[in-house]
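Presented below is the structure to which this report refers.
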Ligand code: C5P
């Protein structure tokens, strides 16, 4: 395939406090990772590289082979690093030579619908160097200093970034090769390397499972409680 998806799942899940690496916490009978991979494999045909915590590669392989179905030849697992950025770099190193579009996706965004993957791939294939799915910011955001509210922030100029973020493969590889600090996401890393990044519509289901409340929300969306 010309497309690869790097699914980073090597985080510890400290903030979730569920006693296991976050990707392996169950939503129903399936893990967060398994749910994330369902969306990935329902999207455009792509190589899928899962980046697993050290020691959990076997569990990640079980999830990815189950989720892949007929696409299992496209799936692989590599070991992650100490930071998200290190984990993405480990995944990028496993991307096949013929790939020219790479998506980077947080396993913790377990419920992203396949259409978002398609939207991001299409935008990069149509020529954009980098693409981020976003949602409008709903809350009024304050810039603060200590306990003092500073100047107002114009909400129309803000957007909340999600994943999968998609990039031309050559641009992402080069941006990773020259990155000399930790960035909060791949779009910031690519922008720092001098490339313009554009937005496409994200999806409310693209929220990141971070806190116990997020986990409860994800579980209720997977297993809705009867009224
Ligand atoms: O911690 P947070 O939820 O923001 O992490 C975002 C994603 O990055 C998660 O899917 C997590 O598994 C992944 N990650 C990683 N390697 C790390 C830290 C985070 O793959 N060292």
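In the UniProt record's numbering, the protein residues as written are 7 to 233.
Ideal Cβ placement from N, Cα and C applies to all residues, glycine included.
Integer Cβ distance of residue i from residue j, believed to fall under 8 angstroms
| i | j | result |
| --- | --- | --- |
| residue 193 | residue 138 | 5 angstroms |
| residue 211 | residue 140 | Contact doesn't hold; Cβ gap of about 14 angstroms is too wide. |
| residue 57 | residue 84 | 6 angstroms |
| residue 54 | residue 81 | 5 angstroms |
| residue 147 | residue 155 | With a Cβ gap of about 11 angstroms, residue 147 and residue 155 do not count as contacting. |
| residue 46 | residue 37 | Their Cβ separation, rounded to whole angstroms, is 14 angstroms, which puts residue 46 and residue 37 out of contact at 8 angstroms. |
Residue i and residue j closer than 8 angstroms at C-beta
| i | j | result |
| --- | --- | --- |
| residue 129 | residue 182 | no |
| residue 27 | residue 50 | no |
| residue 214 | residue 78 | no |
| residue 191 | residue 163 | no |
| residue 21 | residue 217 | yes |
| residue 52 | residue 7 | yes |
| residue 86 | residue 16 | yes |
| residue 24 | residue 39 | no |
| residue 143 | residue 167 | no |
Contact set for residue i: own chain, Cβ-Cβ below 6 angstroms, skip 5 residues either direction
| i | result |
| --- | --- |
| residue 169 | 111, 112 and 115 |
| residue 185 | 195 |
| residue 48 | 120 |
| residue 71 | 78 |
8 angstroms Cβ shell around residue i - same chain, five flanking residues per side excluded
| i | result |
| --- | --- |
| residue 157 | 149 |
Given 8 angstroms, three or more beta-carbon pairs between the stretch 130-143 and the stretch 12-19: Too few Cβ pairs lie closer than 8 angstroms, so no.
Length-filtered (4 minimum) alpha helix (DSSP H) runs lying within the stretch 75-147: Within the stretch 75-147, the complete alpha helix (DSSP H) runs of at least 4 residues are 90-98 and 120-131.
At least 3 beta-carbon pairs within less than 8 angstroms: the stretch 170-178 vs the stretch 92-111: Contact holds between the stretch 170-178 and the stretch 92-111, because three or more Cβ pairs, one in each stretch, are under 8 angstroms apart.
Contained beta strand (DSSP E) runs [length at least 3] in the stretch 174-210, N- to C-terminal order: If we require 3 residues or more, the beta strand (DSSP E) runs fully inside the stretch 174-210 come out as 204-207.
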